[in-house]
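If you're matching positions, the sequence shown starts at 1 in full-length UniProt numbering and goes up one per residue.
Glycine is no exception: its CB is placed at the ideal position from the N, C-alpha and C atoms.
Let me begin by presenting the structure, written as structure tokens, before commenting on it.
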Amino acid sequence: MADQVLTIADRINTKLDELTRAERQLAHSILENYPASGLGPLAALAKGAQVSVPTVARMVQKLGFNGYPEFQAELREELKAKVQNPIAKHDTWAEGAPSGHVLNQFTDAVIDNIRHTLAQIDPDKFDEACAMVADQSKALFIVGGRVSHTLAEYLFLHTQVIRPDVTHIQSTSNTWPHYLLDVKAGDVFVIFDVRRYENNTLKLAEMAHARGAKIILFTDQWRSPVHQLADISFSGRIVVPSAWDSVATLMLLVESMIAAVQNADWAHTKNRMEQLEDMFDQTKLFRKFT
């Protein structure tokens with residue numbers, strides 16, 4: 001019976017060290033165009049990955065499936081979930097909604113999302129991404145989508161205080177190509193793209209990648225098409241008992257990144273913060289109870 005918690009991509013990443021060379025080759029081939037890559041005939045998947053049919057059969061069993069048909073059935077369910085709109089997602093939850101108050105239901109789902117997300121993240125990769133964001137020798141560009149722009153704005157607000165040369169690009173704006181004029185090889189893009197993946201975001205990523213930019217992607221468990229261009233990807237679980245997806249897990253990752261980046265050069269960060277506070281005092285933006 002297919003595991004209802006881990007996606008097939010999760011299973012593959014968890015099992016990579018246990019796979020043979022041929023099986024790892026197959027695994028990477030599946031992940032390159034996941035989940036659509038495994039929806040064709042078994043022989044076609046084997047041919048595309050340049051491995052034997054028995055190699056496919058063995059790896060499918062190692063992933064916990066009784067056979068290729070069960071493997072494909074799970075992929076189809078994932079693909080269906082990947083493209084669900086808010087109304088369809090609400091209907092799915094309404095059919096089997098657990099008892100209890102919505103606060104408990106929602107909290108349980110978010111905690112479960114966090115637990116499984118963190119289990120899949122490589123701490124070394126996270127540290128590498130934070131170092132890229134903190135590197136002041138490279139320009140930093142941050143971009144989100146229709147909903148995920150809130151995460152992009154949050155990260156931008158904080159990194160703008162921490163370091164110079166940070167740009168927030170609105171992916172839905174017809175002016176974003178202008179920003180690409182200044183992109184140099186090695187500059188860093190942090191991109192947020194979750195299901196109902198946006199064409200504008202993918203096009204922006206393609207153009208940034210073509211100019212030699214490095215891409216850090218925050219996405220969901222099914223992974224945005226931008227994943228194929230990203231240097232580092234973080235997949236957060238987003239499913240909750242709601243018509244809308246939850247960004248709580250991605251927000252946790254963002255806030256963890258902010259904490260790491262501010263400490264990368266605290267003396268510099270502190271100096272910028274002190275200057276900013278002085279400006280706030282001059283503008284009397286905040287009330288002071290002294």
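Buried or exposed: which applies to THR20, given that a residue is buried once 16 or more other Cβ atoms fall within 10 Å of its Cβ?
-> The count along the sequence shown starts at 1 and reaches residue 20 at position 20. Classification for THR20: exposed.
From ALA46 to GLN120, what distance separates their C-alpha atoms?
-> Along the sequence shown, one-based indexing puts residue 46 at 46. Along the sequence shown, one-based indexing puts residue 120 at 120. When rounded, the distance between both Cα atoms is 26 Å.
What is the rounded straight-line gap between the Cα of ALA185 and the Cα of ALA213?
-> Working through the sequence shown from its first residue, we reach residue 185 at position 185. Working through the sequence shown from its first residue, we reach residue 213 at position 213. Rounded to whole angstroms, ALA185 to ALA213 spans 5 Å at the Cα level.
Please name the residue, chosen from PHE156, ASP220, GLY64 and ALA73, that lies closest to LEU118 on a Cα-to-Cα basis.
-> The residue labelled residue 118 in the question sits at position 118 within the sequence shown. Cα-wise, what sits closest to LEU118 is ASP220.
What did DSSP end up calling THR249 once you bin it into helix, strand or coil?
-> Along the sequence shown, read from residue 1 onward, the residue named residue 249 stands at position 249. Helix, per DSSP.
Report the rounded CA-to-CA distance for THR201 versus ILE191, giving the unit in angstroms.
-> Taking the first residue of the sequence shown as 1, we reach residue 201 at position 201. Taking the first residue of the sequence shown as 1, we reach residue 191 at position 191. Between THR201 and ILE191, the C-alpha separation is close to 8 Å.
Quick one, are the C-beta atoms of LEU276 and VAL161 less than 8 Å apart?
-> Within the sequence shown, numbered from 1, the residue matching residue 276 stands at position 276. Within the sequence shown, numbered from 1, the residue matching residue 161 stands at position 161. Closer than 8 Å, so yes.
Tell me where the beta strand (DSSP E) around LEU140 begins and ends.
-> By 1-based counting over the sequence shown, the position of residue 140 is 140. Residues 140-144.
By Cβ distance below 6 Å, which residues in the same chain neighbour ALA2 in space, the five residues on each side in sequence not counted?
-> Along the sequence shown, one-based indexing puts residue 2 at 2. A caution first: ALA2 carries a pLDDT of 37, below 50, which makes its placement in the model too unreliable to give a value.
For LEU16, does the count of other Cβ atoms within 10 angstroms reach 16, so buried, or fall short, so exposed?
-> Taking the first residue of the sequence shown as position 1, residue 16 is located at position 16. Label assigned to LEU16: exposed.
In terms of residue numbering, what span does the alpha helix (DSSP H) encompassing HIS149 cover?
-> Taking the first residue of the sequence shown as 1, we reach residue 149 at position 149. Residues 149-162.
Report yes or no: do the segment 27-43 and the segment 257-276 share at least 3 C-beta pairs separated by less than 8 Å?
-> Taking 8 Å as the limit for Cβ pairs, the verdict is that the segment 257-276 does not touch the segment 27-43.
Alpha carbon to alpha carbon, how far is VAL183 from ARG211? Give it in angstroms, no decimals.
-> Start at 1 with the first residue of the sequence shown, and residue 211 comes out as number 211. Start at 1 with the first residue of the sequence shown, and residue 183 comes out as number 183. The straight-line gap from Cα to Cα measures roughly 7 Å.
Length of the line joining the Cα atoms of GLU198 and LYS270 | Here residue 198 refers to the residue found at position 198 when the sequence shown is read from its first residue. Here residue 270 refers to the residue found at position 270 when the sequence shown is read from its first residue. Distance between the alpha carbons of GLU198 and LYS270 is about 37 Å.
Kindly indicate the opening and closing residues of the alpha helix (DSSP H) around LEU217.
-> Mapped onto the sequence shown, residue 217 falls at position 217. Where LEU217 is concerned, there is no enclosing alpha helix (DSSP H), although the beta strand (DSSP E) it sits in stretches over 214-220.
Does the beta-carbon of ALA49 have 16 or more other beta-carbons within 10 angstroms, so that it is buried, or is it exposed?
-> In the sequence shown, the residue the question calls residue 49 occupies position 49. Per the 10 Å Cβ criterion, buried.
Per DSSP, the bridge partner or partners of GLN136 | Residue mapping note: residue 136 aligns to position 136 of the sequence shown, counting from 1. According to DSSP, which records beta bridges pairwise, GLN136 is partnered with nothing at all.
Ordered along the chain, which non-local residues of its own chain (more than five positions away) have a Cβ less than 7 Å from that of ALA57?
-> Against the sequence shown, residue 57 aligns to sequence position 57. For ALA57, where only same-chain residues beyond five positions count, the Cβ hits under 7 Å are TYR68.
Residues bridged to VAL110 [DSSP beta-bridge criterion] = Here residue 110 corresponds to residue number 110 of the sequence shown, with the count starting at 1. Its beta-bridge partners do not exist; DSSP assigns none.
How would you label PHE71, buried or exposed, when you count the other beta carbons within 10 angstroms and need 16 or more for buried?
-> The count along the sequence shown starts at 1 and reaches residue 71 at position 71. With 16 or more other Cβ atoms within 10 Å, it is buried.
If we call anything under 8 Å between Cβ atoms a contact, is ALA264 one with LEU229?
-> Along the sequence shown, one-based indexing puts residue 264 at 264. Along the sequence shown, one-based indexing puts residue 229 at 229. Taking 8 Å as the Cβ cut-off, ALA264 and LEU229 do not qualify as a contacting pair.
State buried or exposed for GLU274, treating a residue as buried only when at least 16 other CB atoms are found within 10 Å of its CB.
-> Numbered from 1 along the sequence shown, position 274 holds the residue referred to as residue 274. Label assigned to GLU274: exposed.
Measure the Cβ-Cβ separation of ASN113 and THR7 and say whether it is below 8 Å.
-> Walking along the sequence shown from the start, residue 113 turns up at place 113. Walking along the sequence shown from the start, residue 7 turns up at place 7. For ASN113 and THR7, no; Cβs fall outside 8 Å.
Where the alpha helix (DSSP H) containing HIS209 begins and where it ends = The residue given as residue 209 occupies position 209 in the sequence shown. Its alpha helix (DSSP H) spans residues 199-210.
For the ligand GTP, any of its heavy atoms closer than 7 Å to the Cβ of PHE218?
-> As presented, the structure is devoid of all ligands, the ligand GTP included, so that no description of it is given.
With DSSP run on the structure shown, which of helix, strand or coil describes MET1?
-> Sequence index remark: in the sequence shown, residue 1 carries index 1 (1-based). Confidence at MET1 is low in this model, with a pLDDT of 35, below 50, so its placement is unreliable and no value can be given for it.
What did DSSP end up calling GLY67 once you bin it into helix, strand or coil?
-> Position 67 of the sequence shown, counted from the start, is the residue given in the question as residue 67. Correct three-state label for GLY67: coil.
Output the distance between the C-alpha atoms of ILE12 and SER29, rounded to the nearest integer angstrom.
-> The residue given as residue 12 occupies position 12 in the sequence shown. The residue given as residue 29 occupies position 29 in the sequence shown. Roughly 11 Å between the two C-alpha positions.
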